[in-house]
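Below: one structure, written as structure tokens.
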Amino acid sequence: MKVCYAKFLPHDFLECHTNDAINVLKSMKNSFKWLEELFPRVWELSFYSVLLHDLGKCASGFQRDPRKWGYRHEVLSAPFTAFLDLPEDERNLIALAILTHHRTLDELEEILPGGEHRGEFKEKVEELFQNRDYIEEIFFERVPYLELYFFGRRKGLFNPPNDWAERIECYDFNSLLRWYERNSRKYWNELVFLRGILNASDHLASAGELGVRLLSDIKTAVESQVPPERWRPIQKQAGETEGNLILRAPTGYGKTEASLLWANRNAFRTKKGVASRVFYVLPYKASINAMHSRLLALFREPELVGVLHSSSAFYLYSSELEYRRLSSLYRKIYTPLKVTTPFQLMKPFFGVGFPEMGLTELTGSLLIFDEIHAYEPNVLGIILAMLELLMRRKAKTFVMSATLPEFLEELLREVLKPHLLSTPPDEADRFTRHRVNVIDGSMDSIRELLEGVNTDGPVLIACNTVSRAIEVYSRLSEDHNAMLLHSRFTYGDREEKERKLLTNLEDYDVVVATQVVEVSLDISFSTIITEPAPLDALIQRFGRVNRRGFGNPRDVYVLTTGGEGDRRIYPMEVVRESLKLLEELNGKPLLESRVPELVTRAYEPIVDRLTDEVLTYREQAFELFNSLKPLKSGESERQFYEMFHGLEAVPGVYQDRVLELINRGRSIEVHRYLVPVPLWLFRSESDAFHRLSDRGSGKYIIVSELEYNPELGLLREPASGGEVL
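Each residue of the sequence shown is one higher than the last, beginning at 6 in my numbering.
Following this line, the structure appears as structure tokens:
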């Protein structure tokens, strides 16, 4: 008798892989009890999906060489569901999960048996029959024992007849597809869960894992960092609140601990730990990486705290963690706590990747949103639609902010129907750190302005655009020890600059930066001179000054005039209203208790327009989400990448080095040489961009022939010369 393998290099027997996948499934069954409330038969049907999903691999052609076989094993596996003593609808649900566990229905359409493809299917069934001894004497014989292991008793539901090969040959795929078209809306949840759980079980087993991970008690972890007697009142209240919650509290209050205590209160538990999947959502990669490091220190194991964003693999690589293994596991249903962007959560709703697996993981999850005010109206609208749908799937949401405008809170309240917590005014004012000074002028007078401010350490100069920051830095660098920091450096150069600031900030007189400084570094400047911006953005910038000086305000300086490029970034009505509000506070402390009210007033000139925009995008998102059909791909995946896929390029000066890294098998290090490029710059200078090569991985890498140097970054100047704009 020949043995059959499910995996090659390294080899893994089919029965061993199936057993491993059932182990994963059993761990999910023991952990994710809430799925039964939405789909009572989820675990029984999932068991038979996992049991039969790879049986088609017994075909002799697959066993000889799966790469040259040229057929889909799922097409041979699905017909075995005909031998389940279950109602027809349940057999069809299982068959569809198996059939699509690698590819969607529309991707399989051209090879599914019917008409001209029937002959090829019969040939492959004959190949399957060549390993009849293994299938009957090894695989079929194990089924009752696997049932006993999973259910605690033998079900006896899988009963293949002696002529099973002939019966499989006659399996009616057209009837299955017609059933799907009639019932896909009726069985939407069931199709999503069955494919999602099968994908999760298969992928984890293939990765060598035998179960999902659970968090230990979250409250105990928080107590290890902050003893309960030091918990603030709002933190305690958050830890006692069941259901959705919006929390307003000043920077430095301990909102992160409050969110974890809320998660601890709302989590589903088993005897082995916290089973709920927790997603900590932030808008910026720099703050995500910092939060991941912080939570990793709290829970200690990288398998328990994941990180997901477009360059998380490189972050893990730079952090000297097992980046290949961990970045793969973080994209599966495995890690209980993930720090991520909202875009990663949106992917399943746009049908990206394995959407059913993502939706299954989000069902019953706990979502923590920090800095939700930072998103554009289109993203906010999609988030609101996503939250509304997830509430129907038993998810709970915690939103926290120091600068949440009233209109956004109202939109969130309409969807979440949340509890509300806010720091009492007298307690909030204990966290006041800044005294506002409005200066009539612009960065054109930066040298004179620097001489007139009170400073006893490094000064932060905050500009609204990269071109303005380069211009200001060029003026100051001649007679000051200065550093320039903005978004248009390579990731490697930016990482090196941030490392220098973290370790040697006092070596610099001034740091000239754009908005990147609002969210990245945990460093404290003596003061700031900033161009005007919306009040919530200014407050974020002020946060880089006097970071621990609660109750001891330091001066911050806001100019009345910005640059010409500002209107491309900010709504100028909000900028003008923000300046007006700050002028009323000129020379006075910016009391933390007044921040929510001031931010709300700053947005009053455009609140109706913003609200309409957000609601319009929410309705468009609903339409898109409702058009998705489980097990099928569609236009929505393309739309997602068009909306949110950022553009990055390698400066021409580094293209030879990047080619060398690729040829040496070190592609992960290419990330160090990438620069984020705004779409407007790419379009206006399109002739200066080209692909690294015509073949291999180089065809996916864009090269920019604009001037680049590690001191100034990527300029709007061709490498051959020209004006810097």
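Quick reminder that beta carbons are idealized off the backbone N, C-alpha and C, glycines included.
Is it right to say residue 8 is buried, meaning 16 or more other beta carbons lie within 10 angstroms of its own, or is it exposed?
When all chains shown are included, residue 8 counts as exposed.
With a cut-off of 8 Å on the beta carbons, I'd call residue 387 and residue 622 a contact; round off their distance for me.
6 Å
Close beta carbons around residue 222, own chain, < 8 Å, minus the five adjacent residues each side:
269, 278 and 279
Cβ of residue 585 versus every heavy atom of the ligand HEM: is any distance shorter than 6 Å?
The ligand HEM is not part of this structure, which contains no ligands at all.
What residues are listed by DSSP as bridge partners for residue 12?
17
CA-to-CA distance, residue 694 to residue 678, given in whole angstroms
15 Å
Measure from the alpha carbon of residue 620 to the alpha carbon of each residue in 526, 597, 653 and 416, then state which is nearest.
416
Determine the direct distance from the alpha carbon of residue 556 to that of residue 443, and round the result to whole angstroms.
21 Å
Every unbroken alpha helix (DSSP H) within the region 619–652, with a cutoff of 4 residues, ordered by chain:
640–649
Starting from the C-beta of residue 681, find all residues in its chain whose C-beta is less than 8 Å away, skip the five residues before and the five after it, and write them out in chain order.
Answer for residue 681: 492, 493, 651, 652 and 653, listed in chain order.
In terms of residues, what are the limits of the beta strand (DSSP E) holding residue 499?
First-last for residue 499: 496–509, but that is the alpha helix (DSSP H), not the beta strand (DSSP E).
Where do the ends of the beta strand (DSSP E) carrying residue 148 lie?
Counting along the chain, residue 148 falls outside any beta strand (DSSP E), though it belongs to the alpha helix (DSSP H) covering 145–156.
In terms of alpha-carbon separation, which member of 518, 327, 306 and 550 lies closest to residue 527?
550
Do the CB positions of residue 420 and residue 393 come within less than 7 Å of each other?
yes
Am I right that residue 340 and residue 218 are in contact with their C-beta atoms under 8 Å? What's the rounded C-beta distance?
6 Å
Am I right that residue 203 and residue 102 are in contact with their C-beta atoms under 8 Å? What's the rounded C-beta distance?
5 Å
Of the listed residues 132, 23 and 123, nearest to residue 145 (C-alpha basis):
23
Uninterrupted beta strand (DSSP E) stretches inside the region 447–497 (no shorter than 3 residues)
Qualifying beta strand (DSSP E) stretches, in chain order: 464–467 and 487–490.
So, helix, strand or coil for residue 428, using DSSP?
coil
First and last residue of the beta strand (DSSP E) that includes residue 532?
Element bounds for residue 532: 532–535.
Just how far apart, CA to CA, sit residue 318 and residue 343?
14 Å
Is it a yes or a no for the region 430–438 touching the region 588–597, going by three-plus beta-carbon pairs under 8 Å?
yes
Option nearest residue 469 by Cα separation, candidates 502, 517, 134 and 500:
517
In this structure, how does DSSP classify residue 136 when only helix, strand and coil are distinguished?
Here residue 136 sits in coil by DSSP.
Would you please state the rounded distance, in angstroms, between the beta carbons of residue 412 and residue 616? I believe it to be under 8 Å.
5 Å
For the structure I just gave you, are there three or more beta carbon pairs, one from the region 689–705 and one from the region 628–641, closer than 8 Å?
By the Cβ test, the region 689–705 is not in contact with the region 628–641, since fewer than three Cβ pairs between them sit closer than 8 Å.
Are the beta-carbon atoms belonging to residue 521 and residue 466 less than 7 Å from one another?
no
With 16 as the cutoff for other CB atoms within 10 Å, does residue 19 come out buried or exposed?
buried
If residue 42 sits next to residue 399, beta carbons under 8 Å apart, how far is it from one beta carbon to the other, in whole angstroms?
Indeed they touch by this definition, with Cβ atoms about 7 Å apart.
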